[in-house]
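Q:
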Amino acid sequence: MIEIPYIAQSAFPLFWLLVAVLGALIRTRHSPSRQAALETWQRWWAVAALGCGSLWMTFAFVAAPDVMATAIGFHRTPFEFEIAFANLGLAVMGFRAASPSATARERITIGLGAGMFLWGALIGHVYQWFANGDHAPGNTGGVLLYDLLIPAVMIILARRSQRLPTAGQSTAGQSTDGKPTAGQPATGVPS
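As numbered in my numbering, residues 5 to 195 make up the sequence shown, in order.
#1: Using the three-state DSSP reduction, which class does Leu116 fall into: helix, strand or coil?
#2: Can you tell me whether Leu42 is buried or exposed? The criterion is at least 16 other CB atoms within 10 Å of its CB, across all chains shown.
#3: Output the boundary residues of the alpha helix (DSSP H) element that contains Arg167.
#4: For Gln166 and Ala101, which I take to be in contact (beta-carbon distance under 8 Å), what is that distance rounded to the nearest angstrom?
#5: Rounded to a whole number of angstroms, what is the C-alpha to C-alpha distance between Val96 and Thr62?
#6: Note down, in chain order, each residue of its chain lying with its Cβ closer than 7 Å to the Cβ of Phe121, except the 5 sequence neighbours on either side.
#7: Going by C-alpha to C-alpha distance, which of Trp123, Gly145, Val157, Ala156 sits closest to Ala12?
#8: State yes or no: is the C-beta of Ile159 within less than 8 Å of the C-beta of Leu54?
#9: Taking C-alpha atoms, which residue in Val71, His139, Ala156 lies nearest to Leu112?
#10: Assuming Pro141 contacts Ser58 under a Cβ cut-off of 8 Å, what Cβ separation, rounded to an integer in Å, is found between them?
#11: Rounded to whole angstroms, how far is the Cβ of Val3 from the Cβ of Ala50, which I believe are closer than 8 Å?
#12: Note the first and the last residue of the continuous alpha helix (DSSP H) segment covering Asp70.
#13: Give the C-beta separation of His129 and Leu116 to the nearest angstrom, bearing in mind that I take them to be a contact with Cβ-Cβ under 8 Å.
#14: Could you check if Phe85 is buried or exposed, using at least 16 other CB atoms within 10 Å of its CB as the buried criterion?
#15: What does the alpha-carbon distance come out to for the pair Thr74 and Thr81?
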């Protein structure tokens, strides 16, 4: 079996974050608006960071459970199979969030759902690190940033998307011609 250096194993989860950031940066170089750029960032984060990253974890835990258990610093248990399918659920949610029809509210909900799993995993990794001295590459390092940032960035991007006015809409809930937009009172005061 090939030995992969500790740093490479520890940093590997960050690969998916890097793909998302680089993809979004390249695609938004000539973006026509802030809204279009933000939409591109949300889709890249959802598909590359959450979707592909979680799908990779699904395959890794199903195909190589012994390797994954060792990388985390545990002995193999049925836990690996359960984690594989929890990650499959995250991948499905990530791919849904990348859909053109996904709303900001839906993306926030997906980010929160992913956060419940990933932030819980983050707490577990930190606990194992300090309580049991588990410094295995899959327990410390890149996985901590991955677990923290995936849902947090997804929620932040979706929240910013909610706050940006849509094309032809001012920040006061009126269209550029002064008429109220759907869901706004006729007085022009946001509800």
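Where a beta carbon is used, it is the ideal one built from N, C-alpha and C, also for glycine.
A: Reading from the atomic positions:
#1: helix
#2: buried
#3: 146-167
#4: Actually they do not touch by this definition, with Cβ atoms about 14 Å apart.
#5: 11 Å
#6: Ala90, Leu94
#7: Gly145
#8: no
#9: Looking at the sequence provided, one finds Ile at residue 112 rather than Leu. Ranking Val71, His139, Ala156 by Cα distance to Ile112 puts Ala156 first.
#10: With a Cβ gap of about 19 Å, Pro141 and Ser58 do not count as contacting.
#11: Residue 3 lies beyond the residue range present for the chain, which begins at 5 and ends at 195; the question has no answer from this structure.
#12: 69-76
#13: Wrong, their Cβ atoms sit about 20 Å apart, outside the cutoff.
#14: exposed
#15: 11 Å
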